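Going by the working numbering, the letters in the sequence shown line up with residues 7 to 154, in that order. Quick reminder that beta carbons are idealized off the backbone N, C-alpha and C, glycines included. Nothing here was measured: the structure is a model prediction, and the numbers come from that model. Below is one structure; the comments refer to it alone.
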Amino acid sequence: MYQCLFARYPFDTERNPPPGRKFHRDDHKKLMALIIDGHYDIPLDIDVPASSFLKRLLSSNFHRRSLSRSTICEQHTYFRQIKWEHLLQRRYIPPFGPPRPGLNPYQHQYEVDHAAKYMTWDPQERSLWWHVQRLPLPRNTLGSCQRW
Numbered sequence: 007m008y009q010c011l012f013a014r015y016p017f018d019t020e021r022n023p024p025p026g027r028k029f030h031r032d033d034h035k036k037l038m039a040l041i042i043d044g045h046y047d048i049p050l051d052i053d054v055p056a057s058s059f060l061k062r063l064l065s066s067n068f069h070r071r072s073l074s075r076s077t078i079c080e081q082h083t084y085f086r087q088i089k090w091e092h093l094l095q096r097r098y099i100p101p102f103g104p105p106r107p108g109l110n111p112y113q114h115q116y117e118v119d120h121a122a123k124y125m126t127w128d129p130q131e132r133s134l135w136w137h138v139q140r141l142p143l144p145r146n147t148l149g150s151c152q153r154w
């Protein structure tokens with residue numbers, strides 16, 4: 007949850023260490039000390055229910071950190087608005103879904119149209135123009151062809 011909210015690890019306080027120095031997540035003794043002591047920072051202001059739930063997850067006290075489904079559903083205000091029966095029955099509609107290409111039996115799923123790189127939109131003409139980039143070929147490309 008911490009990584010989803012802040013795009014970093016909770017116990018990795020140095021994002022850009024000096025050269026030759028490790029991150030805390032690479033040094034296991036320092037990482038264990040940070041976790042046991044409970045040293046982490048919350049870099050941004052987030053709402054109070056999310057903050058309290060996050061602090062409970064990152065607590066060094068085992069009894070405070072151990073959560074069951076009933077304690078999550080009933081005690082935390084962060085999850086109070088969720089109707090768990092609807093979630094289990096898959097009634098909720100996700101806000102967005104992954105893009106799905108149309109089914110085409112003649113097109114492989116990993117095939118990429120590289121011609122799209124050369125298209126430009128001309129707003130005055132309202133049409134697409136195709137441009138061919140003339141790149142110099144490496145010296146060995148044409149001369150290395152040998153007849154077998």
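Could you check the C-alpha separation between residue i and residue j for me, to the nearest Å?
i, j, result
"S76", "I88", "13 Å"
"I78", "F68", "16 Å"
"H45", "K61", "11 Å"
"V54", "Q9", "18 Å"
Can you tell which of the options has the C-alpha that lies nearest to the C-alpha of residue i?
i, options, result
"L50", "P16, Q81 and D43", "P16"
"I52", "F12, H82, R86 and R96", "F12"
Buried or exposed: where does residue i fall if 16 or more other Cβ atoms within 10 Å of its Cβ makes it buried?
i, result
"L63", "exposed"
"F59", "buried"
"L94", "exposed"
"L73", "exposed"
Sorted by chain position, which residues of the same chain lie with C-beta nearer than 7 Å to residue i's C-beta, five sequence neighbours on each side aside?
i, result
"A56", "Y84"
Go through its chain and collect everything with a Cβ distance to residue i's Cβ below 6 Å, but skip five positions before and after it.
i, result
"R71", "S65"
Hey, could you find the ends of the alpha helix (DSSP H) residue i is sitting in?
i, result
"Y8", "Y8 to F12"
"H82", "From DSSP, H82 is part of no alpha helix (DSSP H); its letter is neither H nor E."
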